[in-house]
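Numbering-wise, this note's numbering comes out as the position in the sequence shown, counting from 1, plus 125. Note that the Cβ used here is the ideal one computed from N, Cα and C, for glycine as well.
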Amino acid sequence: MKQMEKTYKKFLLSCLYVVPCFVIISTVFLVFNRGFSGREDVLEYHETGRHLLAVNETNDTLITCIPSGIHSFPSDFFTQEQRRMGGVLVHILIAAYVCAMIGVVCHGYFVPSLEIISDRLKLPPDIAGATFMAIGTSAPELFSSILGSFVAEDDIGVGTIIGSAVFNIVGVTGLVGVVLWTDVLDIDWYPIARDCTAYGFTVLTLIWIISDNIVTWWESLILLFIFFLYIFIIYFNSRIEVCARGLANSIKRSKCICCCCTDNEEASSLISEKIFVPEISECQRHIKRLERDSFSVEFTASRENSVLGKEPMQTAIEEMLSSGQGTSSLCKPPNTDSCWKLVWWGFMFPARLLFYVTIPDSSQERLQKFYPVTFTMSVIWIGVLSYMAVWMVTVIGYTLSIPDSVSGLTILAAGTSVPELISSVIVAKNGFGNMAISNLVGSNTFDISFCLGAPWLLKTLLSKRKYLLVFSSALTYTTATLLLTLVVFVAVFGFSGWKLNRTVGLVFFGVYGIFVVLACMYELNVFGEINVKTCDY
126 MKQMEKTYKK FLLSCLYVVP CFVIISTVFL VFNRGFSGRE DVLEYHETGR HLLAVNETND
186 TLITCIPSGI HSFPSDFFTQ EQRRMGGVLV HILIAAYVCA MIGVVCHGYF VPSLEIISDR
246 LKLPPDIAGA TFMAIGTSAP ELFSSILGSF VAEDDIGVGT IIGSAVFNIV GVTGLVGVVL
306 WTDVLDIDWY PIARDCTAYG FTVLTLIWII SDNIVTWWES LILLFIFFLY IFIIYFNSRI
366 EVCARGLANS IKRSKCICCC CTDNEEASSL ISEKIFVPEI SECQRHIKRL ERDSFSVEFT
426 ASRENSVLGK EPMQTAIEEM LSSGQGTSSL CKPPNTDSCW KLVWWGFMFP ARLLFYVTIP
486 DSSQERLQKF YPVTFTMSVI WIGVLSYMAV WMVTVIGYTL SIPDSVSGLT ILAAGTSVPE
546 LISSVIVAKN GFGNMAISNL VGSNTFDISF CLGAPWLLKT LLSKRKYLLV FSSALTYTTA
606 TLLLTLVVFV AVFGFSGWKL NRTVGLVFFG VYGIFVVLAC MYELNVFGEI NVKTCDY
């Protein structure tokens, strides 16, 4: 009981780092947004039961279009005509570079500072991984959601979260499989089953919340409750895992006993008919799986105080730093014969120089005492860069007549997933397949439950309407396809024998392509008039 109280106090103390930054930045965006024409000044919404009625403020007629989020940002340096004549390419380049900068600041500064904070607070490794480390890799999605709720006031935030979830679970997994090429990674079934169950429940809750295009404060609170419930499960993961593996082993043993007869008479008849060999072979395979899972249970039960995944993650960060993406090799090109790595090092040098000057590198021993400054400056930089990324993507979508929700599902979703992409590829190449895949599925649960729940709760409490609007009705169908991708994800691993290889990676790439096409078709009203069009003004 005392240990639980101690852990609870440490967790509350850790919130002192994250919550103030989150509230301050959200408030700044809210105040800053009052200088531009927001949605509340253009439209007035009335709620009849649980159905959304959108009317014009002047003549009470139904609106025929949704204002673009571009009006919530400063004026662009190009006119619409100039952008359509080729100026939009500048915005595309800026968006790509900004997303790369977000990846550098997250892995080079933000994540190391969070590791130090977790170590100083002596948080249990599972809690630290589910909170601080999740915030570190999902910071771009969190800030995109904040910007979508408080600045753009459109669907780009929720679209980014949904698109990022699919990109993580099948897009990044597919890329990892292709990068492995001839190598094969064994995937443990339990972490995948645990995280996929939590993720599936979270997606079902999100579908229920946005099905009527209205988000209330108590619905946002439900998402946050799911997040804390997930932390609770992670905290008791070792005990739950022992029970789950024990149950699975007992089922396998009973199946093995059924297929391998112990009755001498039946055995004799099988021998005489020469049909027992396949059953014996199948039984032997079951025994091998039992031995492997039994070892996993014993290992899990004996490592409650160990830091799960710290060494491979540290290896990944060190490898990334040595490749020229961090700060330890600021002016020294990477030792490689690859021209692409040298070009990338030179391409990102201005960004790394800017971060080197403005953010103390707490990963260096002599600067570790400045980790609060590193954390604060990293949050500021991620907020600024996320603002620029959302701004550029909104302008790109407006120029090409693409709805904000589609821009979030595609361009911004891939851009904000840069941290997960980098860490997963490096960790998988080092042979830690379980960590790479579990991190991707677990981060999706965090993205939906916290990165949507927290901004939505704050927005609904501060808004005059006391609720938040989801403009795109097609997002409900798009979110429903998340469940389909989850089923395919588990099924593909099941048919592959829980292995990740090139073939599995190519299959996941195909699944991601199908999702993007279907999602865009829903948003663009290919299957019928689901959404009203975006306004031209």
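Using 8 angstroms for Cβ pairs, my map puts residue 627 next to residue 303. What's the rounded Cβ distance? Right, their Cβ atoms sit about 6 angstroms apart.
Please tell me whether, using a cut-off of 7 angstroms, the distance from the CB of residue 508 to the nearest non-hydrogen atom of the ligand NAD is below it. Ligands are entirely absent from the displayed structure, and the ligand NAD is therefore not among its contents.
Is the beta carbon of residue 574 sitting closer than 8 angstroms to the one on residue 349? Between residue 574 and residue 349, the C-beta spacing is below 8 angstroms.
Using only CA atoms, which one of 625, 632, 653 lies nearest to residue 309? When each option's Cα is compared against that of residue 309, the closest is 625.
If you run the structure through DSSP and keep just helix, strand and coil, what is residue 573? Residue 573 falls in the helix class under three-state DSSP.
From what residue to what residue does the beta strand (DSSP E) around residue 524 run? No beta strand (DSSP E) contains residue 524, which is instead part of the alpha helix (DSSP H) from 496 to 524.
Count the other CB atoms within 10 Å of the CB of residue 206; is the residue buried (16 or more) or exposed (fewer)? Around the Cβ of residue 206, a 10 Å sphere holds fewer than 16 other Cβ atoms; the residue is exposed.
Let me make sure I understand the geometry here. Which of 634, 604, 633, 651 has the alpha-carbon closest to that of residue 326? For the set 634, 604, 633, 651, the Cα lying nearest the Cα of residue 326 is the one of 604.
Chain-order list of residues whose beta-carbon lies under 7 angstroms from that of residue 261 (same chain, five-residue window excluded): If we look at residue 261 and ignore the five residues flanking it on each side, its Cβ neighbours are 231, 235, 236, 239.
Rounded straight-line distance, which links the Cα of residue 653 to that of residue 257: About 43 angstroms.
Hey, residue 515 and residue 224 are a contact pair by Cβ (cut 8 angstroms); roughly how many whole angstroms apart? Wrong, their Cβ atoms sit about 11 angstroms apart, outside the cutoff.
Report buried or exposed for residue 631, applying the criterion of at least 16 other Cβ atoms within 10 angstroms of its Cβ. By the neighbour-count rule (16 or more Cβ atoms within 10 Å), residue 631 is not buried but exposed.
Would you check if there are 3 or more beta carbon pairs closer than 8 angstroms linking the segment 315 to 330 to the segment 631 to 651? By the Cβ test, the segment 315 to 330 is not in contact with the segment 631 to 651, since fewer than three Cβ pairs between them sit closer than 8 angstroms.
Return helix, strand or coil for residue 276, following the three-state DSSP convention. When secondary structure is reduced to three states using DSSP, residue 276 falls in the coil class, being assigned neither helix nor strand.
With a Cβ-Cβ cutoff of 8 angstroms, do residue 216 and residue 517 count as a contact? Yes; because the gap between Cβ atoms is below 8 angstroms, this pair is in contact.
Please report the distance separating the alpha-carbon of residue 534 from that of residue 266. Their Cα atoms are separated by approximately 12 angstroms.
Counting C-beta neighbours from all protein chains within 10 Å, is the total for residue 486 16 or more, i.e. buried, or is it exposed? Only buried fits residue 486, as 16 or more other CB atoms lie within 10 angstroms of its CB.
Residue 624 - DSSP class collapsed to helix/strand/coil: Strand, per DSSP.
Where does residue 312 sit, in a helix, a strand or coil, going by DSSP? Note: residue 312 maps to coil in three-state DSSP.
If you measure between the beta carbons of residue 594 and residue 585, is that distance less than 8 angstroms? Note that the C-beta distance between residue 594 and residue 585 is not below 8 angstroms.
Sheet register partners of residue 592 (DSSP bridge): Residue pairing for residue 592: DSSP places it in a beta bridge opposite 341.
Would you kindly check if the distance between the Cβ of residue 212 and the Cβ of residue 203 is under 8 angstroms? Yes, the Cβ-Cβ distance between residue 203 and residue 212 is below 8 angstroms.
Expressed to the nearest angstrom, what Euclidean distance is found between the alpha-carbon atoms of residue 82 and residue 210? The structure shown does not extend to residue 82, since the chain is modelled only from 126 to 662, so the question has no answer here.
Helix, strand or coil: how does DSSP classify residue 307 here? Coil.
Starting from residue 472, trace the alpha helix (DSSP H) both ways and give me its first and last residue. Counting along the chain, the unbroken alpha helix (DSSP H) around residue 472 starts and ends at 464 to 483.
In or out: residue 572 buried (at least 16 other Cβ within 10 Å) or exposed? Here residue 572 is buried. Its C-beta has 16 or more other C-beta atoms within 10 Å.
Below 8 angstroms on the Cβ atoms is my contact criterion, and I expect residue 285 with residue 633 to pass it. Report the Cβ-Cβ distance as a whole number of Å. That pair is no contact at about 20 angstroms.
Mind checking residue 528: buried by the 16 CB within 10 Å criterion, or exposed? Classification for residue 528: buried.
For residue 500, collect the residues of the same chain with a Cβ closer than 6 angstroms to its Cβ; drop the 5 residues on either side in sequence, then sort them by chain order. Correct list, in chain order: 238.
Local conformation of residue 653 per DSSP, three classes: Under the three-state reduction of DSSP, residue 653 is assigned to coil, being neither helix nor strand.
Check for me: the alpha helix (DSSP H) holding residue 244 runs from which residue to which? Counting along the chain, the alpha helix (DSSP H) containing residue 244 begins and ends at 236 to 246.
Put residue 422 into one of helix, strand or coil per three-state DSSP. Unreliable positioning characterises residue 422 in this predicted model, as indicated by a pLDDT of 39, which lies under 50. The coordinate reading is nonetheless provided below. In this structure, residue 422 counts as helix in the three-state DSSP scheme.
Would residue 482 be called buried (16 or more neighbouring beta carbons within 10 Å of its own) or exposed? Residue 482 sits exposed, since fewer than 16 C-beta atoms from the chains shown fall within 10 Å of its C-beta.
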